[in-house]
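Basically this note's numbering = 1-based index in the sequence shown + 1.
Think of the CB as a built atom: it goes at the ideal place given N, C-alpha and C, for glycine as much as any other residue.
All of these numbers come straight from a predicted model, not from anything done at the bench.
The structure appears right after this line, and notes come after that.
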Amino acid sequence: MKNYFEKKTRFSNFFCVAGTPIAHSKSPVIHTLFGEGVNLELTYEKVEVSSGCLGVAIEQFKKAGGIGMNVTVPLKEEAFDIADDQSDRAIKAGAANTLCFKDGRIVADNTDGSGIVRDLKLNNSITLEGKTILILGAGGAAKGIIPALIKENPFSIKVSNRTISRAEALVEFTKDYPLEVLEWGKKLSYRPDIVINATSLSLSNDLPAIGSQTIGPGSVVYDMAYTVGPTNFMRFSESLGATQILDGLGMLVEQAAEAFFLWHGIFPDTSSIIEYLRNENSSNA
């Protein structure tokens, strides 16, 4: 059996993020900076865990003194299923990205939706109420943010996915809100106010199938991926004249802050961390 957590000296506040691939994760840096900001000593590690192995990793983590775990792809649905209890947010998303260990029980939560809404509204002054939204992708990333977007009372949300059955399954899952399915690459009769790329295509420098008429002046474009420098989707949107073009770095920090609050009862400052990571990305570009 693989040992995910080697024996070594750690602070009593021990946390981690699990998933694969995980080497690129900025979560350890973010949570360490959060801790420093509130004078809290903690250890936060990243660990490579494949599908089907999360249960073993959790047991080893608990034995090593772990008290809180983040999970990323491809483990979010597995984390949801393993947990003894799930928050309303996790239930609505059908997935979890944050695990708390309380009184011998595993409690699952999902802070992804809160993260993107906070980034859009607080960091970028974007109003969601009454807006038309197009989401590209119908996987776990889309599933995690849709409940929070719905709470903001947009005019409509359309979902487009390469495999249309996945988009239809997402519509079926979200029965309490009339999501609409748009065929992959099909032209819209109008230009949506906000276009969110929830696919992983940017990580391989690929573009989602989207007509050039879908984006233009007045458009807000949000790529949930974060890379060093603009993604191809962001460059494509810029060439079409989009008004605001954003990546997922702000969402990453905001969802992490929500997880930090769940574990510590303190909501950390996020603006300084976002600025720090942006400067770090610029120096590495």
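- Straight across, the Cα-Cα distance linking Val221 with Lys103 is about 40 Å.
- The C-beta distance from His265 to Leu41 rounds to 7 Å, short enough to fall under 8 Å.
- By the Cβ-count criterion, Ser272 is exposed, with fewer than 16 other Cβ atoms from all chains shown falling within 10 Å of its own Cβ.
- Lys3 counts as exposed, since fewer than 16 other C-beta atoms from the protein chains shown sit within 10 angstroms of its C-beta.
- Under the DSSP assignment, Met70 falls in the beta strand (DSSP E) whose first and last residues are 67-72.
- In the DSSP assignment, Leu100 forms a beta bridge with Met70, Ala109.
- C-alpha of Gly66 to C-alpha of Leu135: approximately 43 Å in a straight line.
- Closest by C-alpha distance to Thr73, out of Pro22, Arg192, Phe234, Glu181, is Pro22.
- Under the 10 Å beta carbon count, Arg90 is surrounded by 16 or more other beta carbons and is classified as buried.
- The beta carbon of Leu208 sits closer than 8 Å to the beta carbons of Leu202, Asn233, Phe234, Phe237 from its chain, once the five residues preceding and following it are set aside; these are given in chain order.
- For the pair Lys159 and Glu276, the Cα-to-Cα distance works out to about 32 Å.
- In the DSSP annotation of this structure, the continuous segment of the beta strand (DSSP E) that includes Lys159 starts and ends at 157-162.
- One thing to note: Gly145 has its Cβ within 9 Å of the Cβ of Gly114.
- Residue state for Ala210 is assigned as coil, using DSSP reduced to three classes.
- Ser28 sits close to Leu253, with the two beta carbons spaced by under 9 Å.
- For Glu184, the uninterrupted beta strand (DSSP E) segment begins and ends at 181-184.
- Under the 10 Å beta carbon count, Glu259 is surrounded by 16 or more other beta carbons and is classified as buried.
- Taking C-beta separations shorter than 7 Å and ignoring five residues to either side along the sequence, the partners of Thr175 in its chain run Ile147, following chain order.
- In the assembly as shown, Phe261 is a buried residue. Its beta-carbon has 16 or more other beta-carbons within 10 Å.
- Between the C-alpha atoms of Glu255 and Lys9 there is a straight-line separation of about 30 Å.
- For Ile216 and Leu183, the gap between their C-alpha atoms comes out near 15 Å.
- Burial check for Ile197: the Cβ neighbour count within 10 Å reaches 16 or more, so the residue is buried.
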